[in-house]
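Asks:
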Amino acid sequence: MRTLIKQVLRREEAADTLHVAGWVRTKRDSKAFSFLELNDGTCLANLQVIADAGIPGSEDLAKMSTGASVEVHGRLIPSPAAGQKWELQATSVKLLGAAPDDYPLQKKGHSAEFLRSIAHLRPRTNLYGAVFRTRSRMAYAIHRFFQERDFVYVHTPIITASDCEGAGEMFRVTTLPDDKAARVEEEFFGKRAFLTVSGQLEGESFACALSNIYTFGPTFRAENSNTSRHAAEFWMVEPEVAFCDLDGDMDLAESMVKFLVHEMLENHEGDLDIFAKFVDKGLRERLEFVAGRPFERISYTDAVELLRNSGVSFQYPVEYGLNLQSEHERWLTEQHFKKPVTVFNYPKEIKPFYMRLNDDDKTVTAMDVLVPGIGEIIGGSQREERLDVLLGNFARAGLDAETYGWYADLRKYGSVPHAGFGLGFERLLMFVTGMANIRDVIPFARTPGHCEF
Ligand code: 4AD
Ligand code: MG
Numbered sequence: 007m008r009t010l011i012k013q014v015l016r017r018e019e020a021a022d023t024l025h026v027a028g029w030v031r032t033k034r035d036s037k038a039f040s041f042l043e044l045n046d047g048t049c050l051a052n053l054q055v056i057a058d059a060g061i062p063g064s065e066d067l068a069k070m071s072t073g074a075s076v077e078v079h080g081r082l083i084p085s086p087a088a089g090q091k092w093e094l095q096a097t098s099v100k101l102l103g104a105a106p107d108d109y110p111l112q113k114k115g116h117s118a119e120f121l122r123s124i125a126h127l128r129p130r131t132n133l134y135g136a137v138f139r140t141r142s143r144m145a146y147a148i149h150r151f152f153q154e155r156d157f158v159y160v161h162t163p164i165i166t167a168s169d170c171e172g173a174g175e176m177f178r179v180t181t182l183p184d185d186k187a188a189r190v191e192e193e194f195f196g197k198r199a200f201l202t203v204s205g206q207l208e209g210e211s212f213a214c215a216l217s218n219i220y221t222f223g224p225t226f227r228a229e230n231s232n233t234s235r236h237a238a239e240f241w242m243v244e245p246e247v248a249f250c251d252l253d254g255d256m257d258l259a260e261s262m263v264k265f266l267v268h269e270m271l272e273n274h275e276g277d278l279d280i281f282a283k284f285v286d287k288g289l290r291e292r293l294e295f296v297a298g299r300p301f302e303r304i305s306y307t308d309a310v311e312l313l314r315n316s317g318v319s320f321q322y323p324v325e326y327g328l329n330l331q332s333e334h335e336r337w338l339t340e341q342h343f344k345k346p347v348t349v350f351n352y353p354k355e356i357k358p359f360y361m362r363l364n365d366d367d368k369t370v371t372a373m374d375v376l377v378p379g380i381g382e383i384i385g386g387s388q389r390e391e392r393l394d395v396l397l398g399n400f401a402r403a404g405l406d407a408e409t410y411g412w413y414a415d416l417r418k419y420g421s422v423p424h425a426g427f428g429l430g431f432e433r434l435l436m437f438v439t440g441m442a443n444i445r446d447v448i449p450f451a452r453t454p455g456h457c458e459f
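Just so we're aligned, residue 7 is where the sequence shown starts under the numbering used here, counting upward by one.
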């Protein structure tokens, strides 16, 4: 059985018969032997292999160039070289797949744009290997955070007939040929169906039965915003908690973000080093800062006041009743508070129908968590649990009471105060890795005009 290079490098003892496999990162030849730097993607570090001329398979050494895949048997011995504990003295090598001269990752230092165009090969680079291992570990950490706190993981549907955010930014799902596109009655589901923008509404149904739940899955938005923080397909983590108000919701969001940042600092298996060295020199310091301090909390009304008195001339206007733009969010967290900020109680006019109306009759119990470098990573709220108020919201939002009847039922039968939020998983990944573009933390990104691979 082959041993993963990660496990080889962690070994306490030498070994006489090791079997490894991987892709050649670099090769250096001398007359009597070759050095192969072998990487199998299980960790950032390479295993150095010494292959003497004359061992079985060495006739193919010339073809074991950068990018080639090889299998090696050998003896693991302490390495005299600085910075590595072990090296592998090969007893045989085998070329599995050569990589001709046009292998695109010959040299280091490609641009992010170029690497996006070869997204099928970029996980073989040090940086993207680290990004996608981090993505996996963070996903696992999210499950740990919720499972350890007795939250039930619920799979909400990906195909849905409801528009949770009411923004009309949905991808339609249909089997009808183009010329029959108008025939709703012939649709597969007998009605118009879409890819979900959020699992929240269905999540609420389960929270109003199992108390503490979370969803974690893909969501889709046909918003035509070509920014470094928006994707058409992204993953969202959505906890929903029964018998919980806005304060409890903000507490949960803050403790989850801190848990995940802590996880990145403590359990990155070396991957943080490459982000801190090549992507964002201030990363480690920022993560430590965030993990160790309470987030700022400020109402939307006070935030607007602060922004108006900031003396900064923003591109977009700041006025009560308007949405905060990314430049405003970033000023609050980067310039003013210099830490994550939770903004709460937004004007009801700019928020979706499901948010609970405050006693002032003007604001709803919305909350957004903003972080330095990115802006919003979490959006959530306490939910409107009063049936009459919710029905009024349906009417105002132009929502069909029949389509959303099941959602109203949650208020008709045993209604409880409840709250939840959505964490954009990719935005979290940008925050903990320092990667500046959402396209670079998604294996195969879908953005306006781009659906390659
Ligand atoms: O603020 P949003 O729209 O909230 C909801 O969807 C609620 N239903 C969540 C809930 O209460 N259960 O989206 C939540 C988060 C945002 O804060 C952002 O991090 C991320 O999802 N997000 C996106 N991430 C990448 N690309 C996009 N196009 C995104 N739109 C939202
Ligand atoms: Mg939002």
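Cβ coordinates follow ideal geometry from the N, Cα and C atoms, glycine included.
From a predicted model like this one, the values you see are computed outputs, not experimental measurements.
1) If you follow the beta strand (DSSP E) that D58 is in, where does it begin and where does it stop?
2) Among the residues of its own chain, which have a CB less than 6 Å from the CB of E269, if the five just before and after it don't count?
3) Could you tell me the distance, in whole angstroms, from the CA atom of N232 to the CA atom of P224?
4) Is D374 near the ligand MG - that is, is its Cβ less than 7 Å away from at least one heavy atom of it?
5) Report yes if the C-beta distance between P423 and E391 is below 8 Å; otherwise report no.
6) Taking only three categories from DSSP, how would you classify N218?
7) With a floor of 3 residues, list each beta strand (DSSP E) that falls wholly inside the segment 240-322, ordered by position along the chain.
8) By alpha-carbon positions, which one of L111, V370 and F152 ends up nearest to T221?
9) If you follow the beta strand (DSSP E) that W29 is part of, which residue opens it and which one closes it?
10) Taking DSSP as the reference, what is the three-state secondary structure of M176?
11) When the distance is taken between beta carbons, is Y306 closer than 8 Å to V349?
12) Rounded to whole angstroms, how far is the Cβ of P358 from the Cβ of G172, which I believe are closer than 8 Å?
13) Do A57 and L44 come within 8 Å of each other at the CB atom, strictly closer than that value?
14) Only counting the same chain, and skipping five residues up and downstream in sequence, which positions put a Cβ closer than 7 Å to that of W337?
15) State the CB to CB distance for the pair K354 and T369, rounded to an integer number of angstroms; the pair is presumed to be in contact (CB under 8 Å).
16) Going by the CB atoms, is the gap between A27 and V76 shorter than 8 Å?
17) For L429, verify whether its CB is less than 7 Å away from any heavy atom of the ligand 4AD.
18) Excluding the 5 residues preceding and the 5 following L15 in the sequence, name in chain order all residues of the same chain whose CB lies nearer than 6 Å to its CB.
19) Checking 8 Å against the spacing of the C-beta atoms, do R17 and W92 come in under that value?
20) Give the secondary structure of L201 by DSSP, where H, G and I count as helix, E and B as strand, and everything else as coil.
21) Taking its Cβ as the centre, do 16 or more other Cβ atoms sit within 10 Å of R178, making it buried, or is it exposed?
22) In the DSSP assignment, the alpha helix (DSSP H) including W412 goes from what residue to what residue?
23) What does DSSP give as the partner residue(s) for W92 in the beta ladder?
24) So D255 packs on M361, CB below 8 Å; how close in whole Å?
25) From what residue to what residue does the alpha helix (DSSP H) around A136 run?
26) Using DSSP with H/G/I as helix, E/B as strand and the rest coil, what is R389?
27) Mind checking N230: buried by the 16 CB within 10 Å criterion, or exposed?
28) Alpha carbon to alpha carbon, what distance is there between E192 and R130?
29) Under a three-way DSSP split, which group does T72 fall into?
30) Name the residue from T72, A228 and P245 whose alpha carbon lies nearest to the alpha carbon of R452.
31) Where do the N-terminal and C-terminal ends of the beta strand (DSSP E) with V347 fall, by residue?
32) Ordered along the chain, which non-local residues of its own chain (more than five positions away) have a Cβ less than 7 Å from that of G430?
33) Taking just the CA atoms, how far does R122 sit from G298?
34) Is the closest heavy atom of the ligand MG to the C-beta of E382 under 7 Å?
35) If you run the structure through DSSP and keep just helix, strand and coil, what is P224?
36) For G317, is the beta carbon positioned less than 7 Å from some heavy atom of the ligand MG?
Replies: So, to answer that:
1) By one-based count along the sequence shown, residue 58 stands at place 52. Where D58 is concerned, the enclosing beta strand (DSSP E) stretches over L53 to D58.
2) Here residue 269 refers to the residue found at position 263 when the sequence shown is read from its first residue. Cβ within range, chain order: A147.
3) Stepping through the sequence shown from its first residue, residue 232 is reached at position 226. Stepping through the sequence shown from its first residue, residue 224 is reached at position 218. Distance between the alpha carbons of N232 and P224: 19 Å.
4) Sequence index remark: in the sequence shown, residue 374 carries index 368 (1-based). D374 Cβ: within cutoff of the ligand MG.
5) Within the sequence shown, residue 423 is the residue found at index 417, counting from 1. Within the sequence shown, residue 391 is the residue found at index 385, counting from 1. Yes, the Cβ-Cβ distance between P423 and E391 is below 8 Å.
6) What you label residue 218 is simply residue 212 of the sequence shown in a count that begins at 1. If DSSP states are grouped into helix, strand and coil, N218 belongs with the strands.
7) 302-305
8) Translated into positions along the sequence shown, residue 221 becomes position 215. Of the candidates L111, V370 and F152, the one whose C-alpha sits nearest the C-alpha of T221 is F152.
9) Walking along the sequence shown from the start, residue 29 turns up at place 23. Start and end: A21 to D35.
10) The residue labelled residue 176 in the question sits at position 170 within the sequence shown. If DSSP states are grouped into helix, strand and coil, M176 belongs with coil.
11) Working through the sequence shown from its first residue, we reach residue 349 at position 343. Working through the sequence shown from its first residue, we reach residue 306 at position 300. Cβ atoms of V349 and Y306: closer than 8 Å.
12) If you number the sequence shown from 1, residue 358 lands on position 352. If you number the sequence shown from 1, residue 172 lands on position 166. Between G172 and P358 the Cβ distance is about 5 Å, and since that is below 8 Å, they are a contact.
13) For the purposes of this step, residue 44 is taken as the residue at position 38 of the sequence shown. For the purposes of this step, residue 57 is taken as the residue at position 51 of the sequence shown. Cβ atoms of L44 and A57: not closer than 8 Å.
14) The residue you call residue 337 lines up with position 331 of the sequence shown. The answer, listed in chain order, is L313, S316 and V318.
15) Residue numbering aside, residue 354 sits at position 348 when the sequence shown is read from its first letter. Residue numbering aside, residue 369 sits at position 363 when the sequence shown is read from its first letter. Contact flag correct, Cβ pair sits at about 6 Å.
16) Position 70 of the sequence shown, counted from the start, is the residue given in the question as residue 76. Position 21 of the sequence shown, counted from the start, is the residue given in the question as residue 27. Taking 8 Å as the Cβ cut-off, V76 and A27 qualify as a contacting pair.
17) Here residue 429 corresponds to residue number 423 of the sequence shown, with the count starting at 1. Correct: L429 has its Cβ closer than 7 Å to the ligand 4AD.
18) Locating residue 15 in the sequence shown gives position 9, where the first residue counts as 1. Correct list, in chain order: A51.
19) Walking along the sequence shown from the start, residue 17 turns up at place 11. Walking along the sequence shown from the start, residue 92 turns up at place 86. It is a contact, given that the beta carbons lie within the stated cut-off.
20) Here the question's residue 201 lines up with position 195 in the sequence shown. Residue state, collapsed to three classes: strand.
21) In the sequence shown, counting from the first residue as 1, residue 178 sits at position 172. Per the 10 Å Cβ criterion, exposed.
22) Along the sequence shown, one-based indexing puts residue 412 at 406. Unbroken alpha helix (DSSP H) run through W412: G411 to K418.
23) Taking the sequence shown and counting its residues from 1, the one referred to as residue 92 is at position 86. DSSP output for W92 lists P84 as bridge partner(s).
24) Working through the sequence shown from its first residue, we reach residue 255 at position 249. Working through the sequence shown from its first residue, we reach residue 361 at position 355. Incorrect: roughly 11 Å between the Cβ atoms, too far for contact.
25) Mapped onto the sequence shown, residue 136 falls at position 130. Where A136 is concerned, the enclosing alpha helix (DSSP H) stretches over N132 to E154.
26) The residue given as residue 389 occupies position 383 in the sequence shown. Three-state DSSP puts R389 in a strand.
27) Stepping through the sequence shown from its first residue, residue 230 is reached at position 224. Its Cβ having fewer than 16 others within 10 Å, N230 is exposed.
28) Translated into positions along the sequence shown, residue 130 becomes position 124. Translated into positions along the sequence shown, residue 192 becomes position 186. Cα to Cα, the separation comes out at about 46 Å.
29) Here residue 72 refers to the residue found at position 66 of the sequence shown. Of the three classes helix, strand and coil, the one that applies to T72 here is coil, per DSSP.
30) By 1-based counting over the sequence shown, the position of residue 452 is 446. It is A228 whose Cα lies nearest to the Cα of R452.
31) Taking the first residue of the sequence shown as 1, we reach residue 347 at position 341. Where V347 is concerned, the enclosing beta strand (DSSP E) stretches over V347 to P353.
32) Taking the sequence shown and counting its residues from 1, the one referred to as residue 430 is at position 424. Taken in chain order, the residues that qualify are F240, M242 and I383.
33) One-based indexing of the sequence shown puts residue 298 at position 292. One-based indexing of the sequence shown puts residue 122 at position 116. Their backbone Cα atoms lie some 35 Å apart in a straight line.
34) Along the sequence shown, read from residue 1 onward, the residue named residue 382 stands at position 376. Flag set: Cβ of E382 near the ligand MG.
35) Position 218 of the sequence shown, counted from the first residue, corresponds to residue 224. Strand.
36) By 1-based counting over the sequence shown, the position of residue 317 is 311. No, since every heavy atom of the ligand MG falls outside the 7 Å radius drawn around the Cβ of G317.
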